[in-house]
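Peer 1: The sequence shown maps to residues 71 to 209 in the numbering used here. Just so you know, even glycine gets a beta-carbon here, dropped at the ideal spot from N, CA and C.
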Amino acid sequence: YEQNSEHIRSLNSMLWQVPVIATTLTGGLWYLVLSAAILQQPLRCMLLLFAALADLSMIPVVWRVRALLEAHLEKTEAFYPPGFRKLTKGRFDRPRLVIRIWSFLLLAAAAGSILAALVPPDKHNVPAQHERKSEDAPR
71 YEQNSEHIRS
81 LNSMLWQVPV
91 IATTLTGGLW
101 YLVLSAAILQ
111 QPLRCMLLLF
121 AALADLSMIP
131 VVWRVRALLE
141 AHLEKTEAFY
151 PPGFRKLTKG
161 RFDRPRLVIR
171 IWSFLLLAAA
181 AGSILAALVP
191 PDKHNVPAQH
201 ERKSEDAPR
């Protein structure tokens, strides 16, 4: 029972870390692509498509970790039913609600990356931050 509980804690921690990893990776790549004017279009496209691939690959990861967590929860309930607490039915207690929301957001981020990869950089209307105007240049 105790070892199963430790696995549940570990899986729960992993489950909440996956979206953070995906957000950090995607956000970092988007920032790089939008702020670095020196990147050529093929490299921008590759970075954005990599971000999309990473986001899409995280969707089955969160579903797999959730399935493992659910299997451990079922075993815990079988080991010690009085110590197992089920959620009360409420408005937001639909099965796998959090996983579905994360999957939707990861899919949306991937779609945004793919769309941005298909649009030429001059259509983004985002000026590069490090470009200086000619009058600001050192003399």
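Give me, in chain order, the residues of the same chain whose beta-carbon lies closer than 6 Å to that of Leu126; leave out the 5 immediate sequence neighbours on both sides.
Peer 2: Counting only Cβ-Cβ distances below 6 Å, and skipping sequence neighbours, we find Ala180.
Peer 1: Contact check, Leu119 vs Ser183 under 8 Å by CB: the rounded distance?
Peer 2: 7 Å between Cβ atoms; contact.
Peer 1: Quick check on Gln110: does DSSP put it in helix, strand or coil?
Peer 2: Note: Gln110 maps to coil in three-state DSSP.
Peer 1: State the DSSP-derived secondary structure class of Pro190, mapped to helix, strand or coil.
Peer 2: Pro190: coil per DSSP, three-state reduction.
Peer 1: Under a Cβ-count criterion, where at least 16 other Cβ atoms within 10 Å of its own Cβ denotes burial, should Trp86 be classed as buried or exposed?
Peer 2: Per the 10 Å Cβ criterion, exposed.
Peer 1: Can you give the Cα-Cα distance for Arg155 and His142, rounded to whole angstroms?
Peer 2: About 13 Å.
Peer 1: Looking at Leu185 and Met128, is the spacing between their C-beta atoms short of 8 Å?
Peer 2: Taking 8 Å as the Cβ cut-off, Met128 and Leu185 do not qualify as a contacting pair.
Peer 1: The alpha helix (DSSP H) with Pro89 in it runs from where to where?
Peer 2: Counting along the chain, the alpha helix (DSSP H) containing Pro89 begins and ends at Glu72 to Ser105.
Peer 1: Consult DSSP for Lys156 and reduce its assignment to one of helix, strand or coil.
Peer 2: In the structure shown, Lys156 sits in coil (DSSP, three-state: anything other than H, G, I, E or B).
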